[in-house]
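Single-structure report; data block below.
Have a look at this one:
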């Protein structure tokens, strides 16, 4: 039920990350750390924060059965795992908990 919305999330983070990279290429003076985080790190963190929520198990069951959108925790993490820049940004490698093998990743464009 949530496949279309999940693919939209993958496309959304790919578009956002690509736009950020283009912007930083055109404005290298903006490529600086703030509070110890690079612009790329802040991009992925902001993406995850958009989907932060707190739900009861009962509500989660109801939403999973009736809503075409995946639960927030999956919307926060899964799309980023399909973006190669996510791995570069956070130095994620095979064996790390967030690692998703390249052959298991979805590429929208």
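In the numbering used here, the protein residues as written are 4 to 112.
All residues carry an ideal CB built from backbone N, CA and C; glycine is no exception.
Open item on the list: Between the segment 31 to 47 and the segment 85 to 96, can you find at least three pairs of beta-carbon atoms closer than 8 angstroms?
Closed with: Verdict: yes, contact present.
TODO: Kindly indicate which three-state DSSP category residue 40 falls into: helix, strand or coil?
DONE: Note: residue 40 maps to strand in three-state DSSP.
Task: Rounded Cβ spacing between residue 109 and residue 72 (contact assumed at less than 8 angstroms) - done: In fact, because the Cβ distance is near 17 angstroms, the residues do not count as touching under 8 angstroms.
Task: Start-end ranges of the alpha helix (DSSP H) lying completely within the segment 13 to 59, minimum 4 residues - done: Every unbroken stretch of the alpha helix (DSSP H) spanning 4 or more residues and falling wholly within the segment 13 to 59 is given here in chain order: 42 to 53.
Open item on the list: My assumption, with CB atoms under 8 angstroms, is that residue 81 sits in contact with residue 12. Please give the rounded CB distance.
Closed with: The beta-carbon distance between residue 81 and residue 12, rounded to whole angstroms, is 7 angstroms. This is short enough to meet the 8 angstroms contact definition.
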